[in-house]
Structures are given as C-alpha cells and as structure tokens.
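What follows is a single structure, written as structure tokens, with notes after it.
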Amino acid sequence: SSSDERRAQEAEAVLHASAERLARRVQELGVQMRRPEVVSDRWTLMSELAASRADFRNRVGDLVYLTAAAFADVRREDVVPGYAHQVGARVALRGAAADLRRSLQGRMERAAKATDAQRPALARQAEESLAAFVSLSPSLALRTPTKREIVAARGRLREAGAKPELGPDVLPGLVEPFLALLEEAMEEMTRTWLTVHDRAVWAASGVRLEQVDMHLELGSPGAARVLEEAVTAAGALSGRSAPFDVFLRKGRQEASAGLNEAGARDLLARFRERLASLPFS
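If you want our numbering, it's the position in the sequence shown, counting the first as 1, plus 29.
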C-alpha cells in the first residue's frame with residue numbers, strides 16, 4: 030500500500046541521515062585523537078572517548094527506535110537493546126546521589142557543632158562516603174568530568190582529614206561546591222535520560238492512588254497494601270526533588286509499620302499533594 034511505501038521511504042531517509050552523522054562523528058573522534066592536548070591528558074582522553082561512545086550508541090538507538098516506530102507503536106525500551114538497563118542504572122545512580130547528598134549534609138551539620146579537633150574525623154568520614162558512592166555499580170553511569178570531580182574532592186577531604194584541627198568553614202568550603210556540581214550533573218542526567226521514565230512513574234503513581242481511594246470508599250483492607258506498593262514504586266523518583274525524597278522516606282516507614290484507615294487517608298492526601306508538586310502536572 031502507499032502507506033507502507035511512505036513508511037519504508039521514511040525509514041530509508043532515517044537510515045541514510047543516521048549513517049552520515051555516525052560517519053561524521055567517527056571523523057571528529059579521529060581529529061580529536063590527533064590533538065596533543067587530548068592524548069596527553071588522561072582525563073581529557075577518557076572524557077572524549079566516553080562521550081564519543083555514548084553519542085554513537087545513542088544515535089544507533091535513535092535509528093533503531095525511529096525505524097521500528099515507523100511500522101508499529103513501540104516504546105524505545107522494547108526495541109533498543111540495553112536501553113532499559115541504561116535507564117535503570119541512571120535511576121539507581123540518581124537515588125544513590127541523593128543518599129550521598131544527605132550523608133554529606135549531615136556531616137556538615139555535625140561539623141558546625143564540633144570542636145576544631147573533632148572536625149578532621151568528619152572530613153575523613155565525608156571522604157569515605159564519596160569512596161562508598163563511587164564503589165557502587167550505578168556510579169559506572171557517571172560522566173567522566175563528574176568522576177574527575179569526585180577524585181579531586183576525595184583528595185581535598187583526605188588532606189583536610191590528615192590535619193590535627195580544622196576551622197568551622199573548612200568542611201563546608203570543600204563539600205558545598207562539590208554538592209553543587211553533583212546536583213548539576215544529576216539534573217543534566219535527568220533531562221537527558223529520565224524525563225520519559227519519570228513521567229511514566231508519576232502517571233502510574235496517580236493510577237495507584239485512585240485505586241487506594243476506591244479501596245477506602247469500600248472499606249477494603251486493600252487500601253494499605255496498594256498504598257505501600259505505590260510508595261515503593263515511587264522510589265524510582267528518588268533524587269528528583271528533595272521534599273519528595275523526605276516524603277518517600279517517611280511514607281515508607283509509615284506504610285511498613287502498618288496503616289489503619291485514618292493513617293491511610295492521611296498518607297494518601299500527603300502523597301497526592303507531593304505528586305502534584307512535581308513538575309509533570
């Protein structure tokens with residue numbers, strides 16, 4: 030049919046355009062690999078190679094997805110090999126980064142009340158938190174510039190931790206700029222990788238809360254179960270918004286402790302409020 034022909038032409042056009050762009054990207058990489066300032070610096074070289082590899086993989090993914098989507102209603106994760114795993118790794122990374130932020134902020138709060146002699150131990154603990162973060166498998170999804178910042182921040186914290194005393198401004202001076210960089214990296218990752226994922230989790234959460242409402246209307250014990258499932262599933266949004274993270278932690282505790290009808294209604298109302306405050310509605 031003419032519709033099939035048009036779709037075939039569309040797929041062919043996508044294939045040719047993608048092939049041209051991939052060839053151009055390989056040429057650009059070749060040019061970069063001949064520049065002394067790139068090959069003489071380990072971090073610049075790693076960054077260039079990682080960026081090129083990621084771009085190549087994304088462009089091939091776009092090609093597969095658009096070609097398949099011309100012929101059927103498909104989701105990207107259904108047709109692009111490894112895409113669901115890449116998204117999952119970044120969801121886990123964002124959650125781990127939120128935990129790291131909370132841990133480092135806790136150290137700074139304790140440092141504000143500590144004596145000069147107590148603060149080096151807190152600097153060492155902050156360095157250990159960073160070491161634990163980069164040892165987690167989701168940290169493989171970090172971009173090279175962010176990995177470089179973590180290595181530098183660990184070095185500065187180690188140095189501070191080796192001193193006999195630290196003034197009140199030292200730890201915030203080391204940790205706050207790093208946290209700002211980490212937040213920027215996570216926001217960029219969310220924009221690039223997780224926008225569609227987050228919207229889907231948000232929508233599914235809304236559907237579950239409607240089910241909770243129906244259970245409560247019928248006086249069914251299913252309300253507490255569905256609410257607990259909803260809080261658990263919404264954990265995939267960890268790191269998206271600090272107030273939502275606080276709600277999730279508290280909500281998990283309440284749901285696992287057991288909810289009566291009044292508790293379920295209260296948690297449902299707060300859940301709805303928090304969901305509405307996310308930037309999807």
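The beta-carbon is built from N, C-alpha and C at its ideal position, and this holds for glycine as well.
Distance, Cα to Cα, residue i vs residue j?
i: L296; j: D227; result: 21 Å
i: A233; j: F100; result: 27 Å
i: R177; j: A140; result: 26 Å
i: A252; j: L277; result: 17 Å
i: L169; j: A79; result: 11 Å
i: V199; j: V163; result: 23 Å
i: R29; j: E157; result: Past the edges of the chain, shown from 30 to 310, lies residue 29, and the structure says nothing about it.
i: L95; j: E39; result: 9 Å
i: A143; j: Q154; result: 14 Å
i: E188; j: L307; result: 40 Å
i: R254; j: S76; result: 46 Å
i: Q56; j: V68; result: 16 Å
i: E213; j: S166; result: 21 Å
i: P206; j: S30; result: 60 Å
i: R237; j: R53; result: 47 Å
i: A286; j: A160; result: 33 Å
Please state whether DSSP places residue i in a helix, a strand or coil.
i: D84; result: helix
i: P197; result: coil
i: K176; result: helix
i: P309; result: Here residue 309 turns out to be Phe, not Pro, going by the sequence shown. Correct three-state label for F309: coil.
i: A181; result: helix
i: F273; result: helix
i: Q147; result: coil
i: F100; result: coil
i: G111; result: coil
i: L58; result: helix
i: A253; result: helix
i: L165; result: coil
i: S69; result: coil
i: S31; result: helix
i: S267; result: coil
i: K192; result: coil
i: G235; result: helix
i: R64; result: coil
i: G287; result: coil
i: G124; result: helix
For residue i, tell me which candidate among the options has the shortest Cα-Cα distance.
i: R86; options: G111, S76 and Q56; result: G111
i: M218; options: V43, A305, V120 and Q154; result: V120
i: S132; options: L208, N289 and A286; result: L208
i: V109; options: A125, D91 and R123; result: D91
i: L288; options: L44, V241, R301 and A305; result: V241
i: A46; options: P206, V89 and R237; result: V89
i: G292; options: E257, R54 and S306; result: E257
i: L51; options: S31, D33 and R82; result: R82
i: L196; options: A305, V236 and A146; result: The sequence as given places Gly at residue 196; Leu does not occur at that position. Ranking the options by Cα distance to G196, first place goes to A146.
i: A182; options: P201, L165, S166 and P167; result: P201
Give a single yes or no on whether residue i has its beta carbon closer than 7 Å to a heavy atom of the ligand GTP.
i: R88; result: Because no ligand of any kind appears in the structure shown, any question about the ligand GTP cannot be addressed here.
Can we say the stretch 256 to 269 touches the stretch 280 to 297, given the rule of at least three CB pairs closer than 8 Å? yes
At least three beta-carbon pairs within less than 8 Å, the stretch 190 to 197 to the stretch 161 to 178: no
Does the stretch 106 to 124 come close enough to the stretch 213 to 229 to have 3 or more Cβ pairs within less than 8 Å? yes
Is there contact here, the stretch 289 to 306 with the stretch 238 to 247, by at least three beta-carbon pairs under 8 Å? yes
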